[in-house]
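**Q** Input: one structure, supplied below.
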Amino acid sequence: MAITDSNTLLVCIKEVCQRFGFQEFKEGTADGGSGSSTAVLVDQTADSEIYSTYKKNQDDVGHWLYIHAGTNSGSERRIGSQSMTAGSVTCERVMGSAFDNTSQYYVMPYSRAQILDAINEVLGARAKYEDWFLVTELVDGDMRASGVTDWTDSNASSSKVTTLADRQMGPQALRVENSSANGYTASTAIPTAENTAYRIEAVGRSASGVANLIVWDDTGNVAIDSVGSDEVQPNRQAGRFRLVLQITTPDDCASLSIRLAGEESDADIAWNYVSVIEQGVYEYPLSAEIENPDWVYEMKWRTGFPRSSPPVPGGWFQVDPTLGAGSRLVVSLDEWHRDGTLWAVCKYPYPTLSADTDTTFMPIKWLVPGAVRELLRDRAHQSDEIAQQLRRASGQFRRQSRLNRLRLSRKVRPKAPFHR
Numbered sequence: 339m340a341i342t343d344s345n346t347l348l349v350c351i352k353e354v355c356q357r358f359g360f361q362e363f364k365e366g367t368a369d370g371g372s373g374s375s376t377a378v379l380v381d382q383t384a385d386s387e388i389y390s391t392y393k394k395n396q397d398d399v400g401h402w403l404y405i406h407a408g409t410n411s412g413s414e415r416r417i418g419s420q421s422m423t424a425g426s427v428t429c430e431r432v433m434g435s436a437f438d439n440t441s442q443y444y445v446m447p448y449s450r451a452q453i454l455d456a457i458n459e460v461l462g463a464r465a466k467y468e469d470w471f472l473v474t475e476l477v478d479g480d481m482r483a484s485g486v487t488d489w490t491d492s493n494a495s496s497s498k499v500t501t502l503a504d505r506q507m508g509p510q511a512l513r514v515e516n517s518s519a520n521g522y523t524a525s526t527a528i529p530t531a532e533n534t535a536y537r538i539e540a541v542g543r544s545a546s547g548v549a550n551l552i553v554w555d556d557t558g559n560v561a562i563d564s565v566g567s568d569e570v571q572p573n574r575q576a577g578r579f580r581l582v583l584q585i586t587t588p589d590d591c592a593s594l595s596i597r598l599a600g601e602e603s604d605a606d607i608a609w610n611y612v613s614v615i616e617q618g619v620y621e622y623p624l625s626a627e628i629e630n631p632d633w634v635y636e637m638k639w640r641t642g643f644p645r646s647s648p649p650v651p652g653g654w655f656q657v658d659p660t661l662g663a664g665s666r667l668v669v670s671l672d673e674w675h676r677d678g679t680l681w682a683v684c685k686y687p688y689p690t691l692s693a694d695t696d697t698t699f700m701p702i703k704w705l706v707p708g709a710v711r712e713l714l715r716d717r718a719h720q721s722d723e724i725a726q727q728l729r730r731a732s733g734q735f736r737r738q739s740r741l742n743r744l745r746l747s748r749k750v751r752p753k754a755p756f757h758r
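Numbers in the numbering used here are just positions in the sequence shown, counted from 1, shifted up by 338.
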């Protein structure tokens, strides 16, 4: 992925609140002391942010009290009055039960529902991020699936890893560790026909041992072809390999599979991705993660290592709408490249959030001003201060948008006829 960051929803909420002034986000646990009721929360603990024996002003009146755990969990009310010397806040409307020492609270300048809506508006509608998806007929060939159910081990154990050294494209790699020599993991079968030409490419990193890419004829139960990392010119970066095979399926071959093998008994290989595409055709299925044709911004061919060779533009393309639930989109091209892997460059919305522990990888420097902008958009007329805050947040959001390629605009391409 082009953008890497990681923050929970709660961190994002806190950052949004802090943008409205010093200590605009407060948190604590009620002590259930004298004066507690269905409308009054009391917190006189030593570290309480709503308790002061000398401070009498009502900082939090008009703010929102949200209970995130314990009694009244999930409820929120606007604060109508406050006594700092008593360490209490009084809600404008009563809660379902009396507050007690399990009630864990946040005090925020907006309701949690409002802040959540603003954050999700930025994630789901205002911002886009770029990602590259491998075009391959192999199920889980890009290694993005959460587990290894699409792979079958033989004298080896496989797992998904996110270690940066093991992945040159995408978020994960498939690690295969041998328990004896020539162990492997096998893909699910790819239906095919006899005398069909395919190009297969695998990219990965060997922590230990020789990596072998094997194309297997499931019908004849025999290897069609194979290539090992010791047979190709090694990349200058230790352990990394790129293995390429061009094969034609034999007579009576109805399906093939890919075996990712290690030669030695202690072989430890991380396979980043495996591309399997039919040669000489102009239509390819896209990743199931691409749900909307408009997300596909460009098609690219890569003819070498991902980090060492510039991609080749794929020319004119057309993405056909989905044919129903569970169907994969299909991309039509006017040309194909004999010696490269095909990638769909997508720009699409970030996943929205709901729970405090949900994580977003949108950069927080981009998300926060966008959320503040959404919260203030309809309030700019109320005061010059709010209007100034809105202008500042809008400017920061626009600057970050340029840095993170917010705008999704398909390039105008002439509709050239396909060359069949």
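Backbone N, C-alpha and C define an ideal beta-carbon position, used for all residues, glycine too. Please read all numbers here as calculations on a predicted model, not as lab measurements.
According to DSSP, is histidine 719 helix, strand or coil?
**A** As a first step, residue 719 must be located in the sequence shown, where it is residue number 381. Helix.
**Q** Can you grab the Cα-Cα spacing for the pair isoleucine 519 / valine 548, in whole Å?
**A** Within the sequence shown, the letter at position 181 stands for residue 519. Within the sequence shown, the letter at position 210 stands for residue 548. Contrary to the premise, residue 519 reads as alanine rather than isoleucine in this sequence. Each residue's alpha carbon lies about 11 Å from the other.
**Q** Apart from the five residues on each side of it in sequence, which residues of its chain come closer than 7 Å, Cβ to Cβ, to glutamine 382?
**A** Counting from 1 along the sequence shown, the entry for residue 382 is found at position 44. Within the same chain, glutamine 382 has close Cβ partners Asp369, Gly371, Tyr389, Gly425.
**Q** Would the beta-carbon of alanine 809 fall within 9 Å of that of serine 595?
**A** Because residue 809 is not part of the residues shown, which for the chain are 339 to 758, the question remains open.
**Q** What does the Cβ neighbour count give for histidine 401, buried or exposed, with the cut at 16 atoms within 10 Å?
**A** By one-based count along the sequence shown, residue 401 stands at place 63. Looking at its Cβ environment, which holds 16 or more other Cβ atoms inside 10 Å, histidine 401 is buried.
**Q** With DSSP as the reference, identify every bridge partner of aspartate 606, one or two as the case may be.
**A** In the sequence shown, the residue the question calls residue 606 occupies position 268. Aspartate 606 pairs with Glu515, Ser546.
**Q** Between the segment 418 to 438 and the segment 678 to 692, do at least 3 Cβ pairs fall closer than 8 Å?
**A** No, the segment 418 to 438 does not touch the segment 678 to 692.
**Q** Between valine 657 and chain C, is there a C-beta pair that is closer than 9 Å?
**A** Absent from the structure is chain C; it holds one protein chain and no more.
**Q** Which class does proline 701 belong to by DSSP, given the choice of helix, strand or coil?
**A** Sequence index remark: in the sequence shown, residue 701 carries index 363 (1-based). In this structure, proline 701 counts as coil in the three-state DSSP scheme.
**Q** For phenylalanine 761, count neighbouring Cβ atoms within 10 angstroms of its own Cβ and tell me buried if that reaches 16, exposed if not.
**A** Within the shown structure, residues of the chain are numbered from 339 to 758, placing residue 761 beyond reach of any answer.
**Q** Our contact map puts tyrosine 448 next to glutamate 365 with C-beta atoms below 8 Å; I'd like the distance itself, whole angstroms only.
**A** In the sequence shown, residue 448 corresponds to position 110, counting from 1. In the sequence shown, residue 365 corresponds to position 27, counting from 1. The pair is not a contact, with the Cβ atoms about 15 Å apart (cut-off 8 Å).
**Q** Are there 16 or more other CB atoms within 10 angstroms of the CB of asparagine 458, so buried, or fewer, so exposed?
**A** Position 120 of the sequence shown holds residue 458. Buried is the call here.
**Q** Taking its Cβ as the centre, do 16 or more other Cβ atoms sit within 10 Å of phenylalanine 360, making it buried, or is it exposed?
**A** Stepping through the sequence shown from its first residue, residue 360 is reached at position 22. Under this definition phenylalanine 360 is an exposed residue.
**Q** Indicate the three-state DSSP secondary structure (helix, strand or coil) for arginine 574 in the structure shown.
**A** Here residue 574 refers to the residue found at position 236 when the sequence shown is read from its first residue. Only weak support is given to the placement of arginine 574: the predicted model assigns it a pLDDT of 49, under 50, and the value that follows is read from those uncertain coordinates. Note: arginine 574 maps to coil in three-state DSSP.
**Q** Suppose contacts are defined by Cβ-Cβ distances below 9 Å. Is alanine 599 in contact with alanine 605 by that definition?
**A** Looking up residue 599 in the sequence shown gives position 261. Looking up residue 605 in the sequence shown gives position 267. Yes, the Cβ-Cβ distance between alanine 599 and alanine 605 is below 9 Å.
**Q** Less than 9 Å between the beta carbons of tryptophan 674 and glutamine 617, yes or no?
**A** Numbered from 1 along the sequence shown, position 336 holds the residue referred to as residue 674. Numbered from 1 along the sequence shown, position 279 holds the residue referred to as residue 617. Going by C-beta atoms, tryptophan 674 is nearer than 9 Å to glutamine 617.
**Q** With a threshold of 6 Å on Cβ separation, who are the neighbours of isoleucine 405 within its own chain once the five nearest residues in sequence on each side are excluded?
**A** If you number the sequence shown from 1, residue 405 lands on position 67. Counting only Cβ-Cβ distances below 6 Å, and skipping sequence neighbours, we find Ser411, Ser413, Ser441, Tyr443.
**Q** For valine 668, which option in Tyr686, Asp455, Arg640, Asp632 has the closest C-alpha, if you only look at C-alpha atoms?
**A** Residue numbering aside, residue 668 sits at position 330 when the sequence shown is read from its first letter. Of the candidates Tyr686, Asp455, Arg640, Asp632, the one whose C-alpha sits nearest the C-alpha of valine 668 is Asp632.
**Q** If you reduce the DSSP assignment to three classes, tell me which class glutamate 712 lands in.
**A** Residue numbering aside, residue 712 sits at position 374 when the sequence shown is read from its first letter. In this structure, glutamate 712 counts as helix in the three-state DSSP scheme.
**Q** Where does proline 707 sit, in a helix, a strand or coil, going by DSSP?
**A** Position 369 of the sequence shown, counting from 1, holds the residue named residue 707. Three-state DSSP puts proline 707 in a helix.
**Q** So for serine 458, helix, strand or coil by DSSP?
**A** Mapped onto the sequence shown, residue 458 falls at position 120. According to the sequence as given, residue 458 is asparagine; it is not serine. Three-state DSSP puts asparagine 458 in a helix.
**Q** If leucine 728 sits next to arginine 715, beta carbons under 8 Å apart, how far is it from one beta carbon to the other, in whole angstroms?
**A** The residue labelled residue 728 in the question sits at position 390 within the sequence shown. The residue labelled residue 715 in the question sits at position 377 within the sequence shown. 7 Å between Cβ atoms; contact.
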